[in-house]
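Asker: Line by line, the protein sequences are chains R and P.
Residue numbering for the first sequence follows my numbering, starting at 2 and increasing by one per position.
Residue numbering for the second sequence follows my numbering, starting at 2 and increasing by one per position.
Built from N, CA and C at the ideal position, the CB exists for glycine as well.
Number of protein chains: 2
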Amino acid sequence: MVAKPLSVCENPAPKEASKIIEEAISRRKALIIIGSCWVDYHGRASSSLELGERILMIKEDGSLLVHRSVGYEPVNWQPPGCIFQTGVTGDVLSIRALRRKPREALKIYFDKIYLVSALSLADEGKFSLHASEEDMQKAILAQPSLVEKGLKLITYEKKVEPGFVDVYGVDEDGRMVIIEIKRKTAGREAALQLARYADSVKKSTTREVRGILVAPKVARGVQKLLTALGLDFKQLDPRKCAEILGRSETKGLREFL
Amino acid sequence: MVAKPLSVCENPAPKEASKIIEEAISRRKALIIIGSCWVDYHGRASSSLELGERILMIKEDGSLLVHRSVGYEPVNWQPPGCIFQTGVTGDVLSIRALRRKPREALKIYFDKIYLVSALSLADEGKFSLHASEEDMQKAILAQPSLVEKGLKLITYEKKVEPGFVDVYGVDEDGRMVIIEIKRKTAGREAALQLARYADSVKKSTTREVRGILVAPKVARGVQKLLTALGLDFKQLDPRKCAEILGRSETKGLREFL
DNA sequence: GAGTGGATTTCGCAT
DNA sequence: ATGCGAAGTCCACTC
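1. Is it the case that the region 104-117 of chain P contacts the region 5-20 of chain P, given that we only count it when at least three CB pairs across the two stretches are under 8 Å?
2. Could you check the C-alpha separation between V161/P and I155/R for me, to the nearest Å?
3. Less than 7 Å between CB atoms is the rule here; does D62/P satisfy it with respect to chain R?
4. Using DSSP with H/G/I as helix, E/B as strand and the rest coil, what is C83/R?
5. Distance cutoff 7 Å, beta carbons only. Does P217/P sit that close to anything in chain R?
6. Shorter than 7 Å from the beta carbon of F234/R to some beta carbon of chain P?
7. Counting only beta-carbon separations shorter than 7 Å, does R221/P have a partner in chain R?
8. Out of curiosity, what's the CA-to-CA distance linking P15/P and K5/P?
9. Indicate whether the contact test is met: 3 or more Cβ pairs, each with one atom in the region 24-36 of chain R and one in the region 90-110 of chain P, closer than 8 Å.
10. Using 10 angstroms around the beta-carbon of F257/R, count the other beta-carbons present and answer buried if the total reaches 16, otherwise exposed.
11. Check for me: the alpha helix (DSSP H) holding Y42/P runs from which residue to which?
12. So with Cβ pairs under 7 Å, would you call F111/R a contact of chain P?
13. Do you know offhand how far V89/R's Cα is from P80/P's?
14. I'd like to know if the region 125-134 of chain P and the region 232-241 of chain P are in contact, where contact means that at least 3 CB-CB pairs between them fall below 8 Å.
15. Compute the Euclidean distance between the alpha carbons of F111/R and C83/R, then round it to the nearest angstrom.
16. Check the Cβ-Cβ distances between L214/R and every residue of chain P, and say whether any is below 7 Å.
17. Quick one: is K127/P near chain R, going by C-beta distance under 7 Å?
18. As a quick exercise: from G170/P, V166/P, A199/P, pick the residue whose alpha carbon is nearest that of K183/P.
19. Indicate whether at least one CB of chain P lies closer than 7 Å to the CB of L246/R.
20. Whole angstroms are fine: how far does the CA of S201/P sit from the CA of L142/P?
21. Say whether chain R places a C-beta atom closer than 7 Å to the C-beta of E149/P.
22. Under 8 Å Cβ to Cβ from P145/R, same chain only, skipping five residues before and after it: list those, please.
23. Where does the unbroken beta strand (DSSP E) through R55/R begin, and where does it stop?
24. Excluding five sequence neighbours on each side, which residues of the same chain lie with their C-beta closer than 8 Å to the C-beta of S19/P?
25. Using the beta-carbon count (16 or more within 10 Å), is S27/R buried or exposed?
26. List, in chain order, every chain P residue whose beta-carbon is nearer than 8 Å to that of P81/R.
27. Could you tell me which of Y42/R, E61/R, E149/R sits nearest to R104/R, measuring between CA atoms?
28. Anything in the region 5-36 of chain R with a Cβ closer than 7 Å to a Cβ of chain P? List those residues in chain order, please.
29. Under 8 Å by Cβ, that's how I've got L107/P and L65/P pegged, so tell me the actual separation to the nearest angstrom.
30. What are the residues in the region 42-66 of chain P lying within 8 Å of chain R by C-beta distance?
31. Is the CB of Y115/R under 7 Å away from at least one CB in chain P?
32. Run through chain P and tell me which residues come within less than 7 Å of S205/R, C-beta to C-beta.
33. Looking at the structure shown, is L122/P part of a helix, part of a strand, or coil, going by DSSP?
34. So, is the C-beta of V76/R closer than 7 Å to a C-beta in chain P?
35. Counting only runs of 4+ residues fully inside the region 177-256 of chain P, write out the alpha helix (DSSP H) ranges in chain order.
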């Protein structure tokens, strides 16, 4: 028999809420607390949030999220690894989440608590993600012709002076090729970064060096910038790369690596 | 009298859960659903998440978060603006969150539902944050001597070729000064970016040009890089800037702006 | 432990 | 709409 996945307590008194919360934290349970609160944060920056109704989530790893009724992001939070302290002063429940490295403190004060729920979530499910920049790189390694006919790859993530080159190879005319991969629209930064890499490589070889920006699209004006910098552009969709990997992942790539 | 801030339903049947969820979404309420589910996502990338117990949050603005029992970040999500569809197939409740621009779809399938809670959160509280890069810029504008004695500022957010210079001025010897501000440890990128801007400005003037990197700290090796590039560094803490703004925000800054 | 760069980044601002 | 850069970014990975 499995432990009950959750307990629910509506409209608890502050003392009762505090008891549930401390118990849950000590037993490594997750918590959801809904109520009216204000929040102060001091650490890498400082912030204050005035009174309002919010959702507080405390997780098993000691992370904490304060969510408003709108927005993808929490308005306040604490990354994993917090130490928690709770206290009751009058009718106010306070929760402190402290972190070292960096030293930062988040304090929440509830003047009304509508719900406290302690959770024991059983979750062993695997998460898998496709069509990342890494997938694009793998697809290109498995099938260099995606970038250019006759292209031969030498190394990947080759380290040159100021940073990394995503992929590094030789074209059919024997020129060195540096490839910068972006999984979404490439902006000015990507072009300038590639130009820097290319310059850096040029300094260390007498051979001709080409830079190719691989991305699904370039931002407005960047094509012109690429031309001015003497760089090439090859359009490539990350989703197409994911498809290619799905079909041929076991073929060429393993050999290459 | 205010509306009841939340309703709670434990262990609902799929049909019942579906009804509550649709009702809540149509009334622009937020939702918390806890249960055992699997998740598929297709859009900017693709992902799949196997069966496990999680917390689903749907917000009033049509954003959606799937949280596991650990981690600051949601394992799956959808930004604000979704359209939702629910359905029941056998004992499975499905929730679809669709988005245009970009076109992406997230599908959640619950085979067990422990809790459904619909929330009407009243939250008008102001959020304020201090010690951002913007605060550093404001502090420098209000008090240029923070960077250097005798420094006179001309403008800020000045457009130069590849981007924007944070602050732009003249030092006590009449040399042009461009300032790049970082609120935390400045890395190689910051130094190279400033160098690019400095080069760009040098090309458009015959006057001497200095670049100053303002940050609480520079990363290892970056000081050497700055020297090599002929750039200066001025240590400045964002928290000190926030203090200065707190004391003197109404003094020099308003005049400058 | 620090540094570096990607992310389904999100978010806000300016063009 | 698109582009661009900051973020208390978080996160994984390398040195």
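Answerer: Concretely, from the data shown:
1. The region 5-20 of chain P makes contact with the region 104-117 of chain P, as at least three CB pairs between them are under 8 Å.
2. Here residue 161/P refers to the residue found at position 160 when the second sequence is read from its first residue. Here residue 155/R refers to the residue found at position 154 when the first sequence is read from its first residue. Each residue's alpha carbon lies about 37 Å from the other.
3. One-based indexing of the second sequence puts residue 62/P at position 61. Output row for D62/P: interface = yes.
4. Stepping through the first sequence from its first residue, residue 83/R is reached at position 82. Under the three-state reduction of DSSP, C83/R is assigned to coil, being neither helix nor strand.
5. Along the second sequence, read from residue 1 onward, the residue named residue 217/P stands at position 216. Closer than 7 Å: no.
6. Within the first sequence, residue 234/R is the residue found at index 233, counting from 1. Answer no: the Cβ-Cβ gap between F234/R and chain P never drops below 7 Å.
7. For the purposes of this step, residue 221/P is taken as the residue at position 220 of the second sequence. Not an interface residue.
8. Here residue 15/P refers to the residue found at position 14 when the second sequence is read from its first residue. Here residue 5/P refers to the residue found at position 4 when the second sequence is read from its first residue. P15/P and K5/P have their C-alpha atoms roughly 24 Å apart.
9. Not touching, per the Cβ criterion.
10. The residue given as residue 257/R occupies position 256 in the first sequence. Unreliable positioning characterises F257/R in this predicted model, as indicated by a pLDDT of 48, which lies under 50. The coordinate reading is nonetheless provided below. Exposed: under 16 other Cβ atoms inside 10 Å.
11. As a position in the second sequence, residue 42/P is number 41, starting the count at 1. Taken as a continuous stretch (DSSP letters only), Y42/P belongs to no alpha helix (DSSP H), being part of the beta strand (DSSP E) at 31-43.
12. Stepping through the first sequence from its first residue, residue 111/R is reached at position 110. By this cut-off, F111/R is not an interface position.
13. Indexing the first sequence from 1 puts residue 89/R at position 88. Indexing the second sequence from 1 puts residue 80/P at position 79. Approximately 36 Å, taken between the alpha carbons.
14. A contact between stretches requires three or more CB pairs, one per stretch, nearer than 8 Å, and the region 125-134 of chain P meets this requirement with the region 232-241 of chain P.
15. The residue you call residue 111/R lines up with position 110 of the first sequence. The residue you call residue 83/R lines up with position 82 of the first sequence. For F111/R and C83/R, the distance between alpha carbons rounds to 19 Å.
16. Counting from one through the first sequence, the residue named residue 214/R turns up at place 213. Taking 7 Å as the threshold, the shortest C-beta distance from L214/R to chain P does not fall below it.
17. The sequence position of residue 127/P within the second sequence is 126, counting from 1. It does: the Cβ of K127/P has a partner Cβ on chain R nearer than 7 Å.
18. Numbered from 1 along the second sequence, position 182 holds the residue referred to as residue 183/P. When only C-alpha atoms are compared, the closest one is V166/P.
19. For the purposes of this step, residue 246/R is taken as the residue at position 245 of the first sequence. No, L246/R lies away from the interface with chain P (no Cβ there is under 7 Å from its Cβ).
20. As a first step, residue 142/P must be located in the second sequence, where it is residue number 141. As a first step, residue 201/P must be located in the second sequence, where it is residue number 200. Cα-Cα distance, rounded: 23 Å.
21. Within the second sequence, numbered from 1, the residue matching residue 149/P stands at position 148. Closer than 7 Å: no.
22. For this step, residue 145/R is matched to residue 144 along the first sequence. The answer, listed in chain order, is L152, K153, L154, G170.
23. The residue labelled residue 55/R in the question sits at position 54 within the first sequence. That run of the beta strand (DSSP E) goes 47-59.
24. Translated into the one-based positions of the second sequence, residue 19/P becomes position 18. For S19/P, where only same-chain residues beyond five positions count, the Cβ hits under 8 Å are T87, G88, V89, L94.
25. For the purposes of this step, residue 27/R is taken as residue 26 along the first sequence, with counting starting at 1. Counting Cβ neighbours within 10 Å, S27/R comes out exposed, since fewer than 16 surround it.
26. Here residue 81/R refers to the residue found at position 80 when the first sequence is read from its first residue. By Cβ distance, chain P contributes V71, G72, Y73.
27. If you number the first sequence from 1, residue 104/R lands on position 103. With distances taken between Cα atoms, R104/R lies closest to Y42/R.
28. Residues of the region 5-36 of chain R with a C-beta less than 7 Å from any C-beta of chain P: P6, L7, V9, E11, A31, I33, I35, listed in chain order.
29. As a first step, residue 107/P must be located in the second sequence, where it is residue number 106. As a first step, residue 65/P must be located in the second sequence, where it is residue number 64. Correct: roughly 7 Å between the Cβ atoms.
30. Residues passing the 8 Å Cβ filter: R45, A46, S47, S48, S49, L50, E51, L52, G53, E54, R55, I56, M58, K60, E61, D62, S64, L66.
31. By 1-based counting over the first sequence, the position of residue 115/R is 114. By this cut-off, Y115/R is an interface position.
32. Walking along the first sequence from the start, residue 205/R turns up at place 204. Proximity of chain P to S205/R at the Cβ level (cut-off 7 Å) is not reached, the minimal Cβ distance being about 17 Å.
33. For the purposes of this step, residue 122/P is taken as residue 121 along the second sequence, with counting starting at 1. Taken through DSSP and simplified to helix, strand or coil, L122/P comes out as coil.
34. Working through the first sequence from its first residue, we reach residue 76/R at position 75. Chain P contact via Cβ: present.
35. Counting whole runs of 4 or more residues, the region 177-256 of chain P contains the alpha helix (DSSP H) stretches 189-204, 223-230, 239-249.
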